[in-house]
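Numbering (the numbering used here), first residue to last: 95 to 195.
Quick notes on the structure that follows.
Structural data, given as structure tokens:
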């Protein structure tokens, strides 16, 4: 973060202008900047919340899809154990998973 230190002559000038239209304009500008900073901070919080919500939703979708394909793979493995044509490779699961992402 940067900080601004006004020149001492500027401080004395501002003290002399206290209550003048210039001082009121500076106060209004400061208030506007403070409001903008607060709004920016709030937007950053909202964005973080939305990103986290999206991440959780994506994890749920991937988990559901992987579990579905994994259960099919388990069934194929069980069938292979009792003599069905065997496809024991994980290539199909890997291909499916990579295309799902």
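Beta carbons: idealized from backbone N, C-alpha and C, even for Gly.
(1) Under 8 angstroms by Cβ, that's how I've got residue 191 and residue 155 pegged, so tell me the actual separation to the nearest angstrom.
(2) Nearest-angstrom Cα distance between residue 131 and residue 184?
(3) Is DSSP giving residue 177 helix, strand or coil here?
On the basis of the supplied data:
(1) Position 97 of the chain shown, counted from the start, is the residue given in the question as residue 191. Position 61 of the chain shown, counted from the start, is the residue given in the question as residue 155. Cβ atoms of residue 191 and residue 155 stay farther apart than 8 angstroms, at about 12 angstroms.
(2) Counting from 1 along the chain shown, the entry for residue 131 is found at position 37. Counting from 1 along the chain shown, the entry for residue 184 is found at position 90. Cα to Cα, the separation comes out at about 52 angstroms.
(3) Numbered from 1 along the chain shown, position 83 holds the residue referred to as residue 177. DSSP places residue 177 in the coil class of the three-state scheme, outside both helix and strand.
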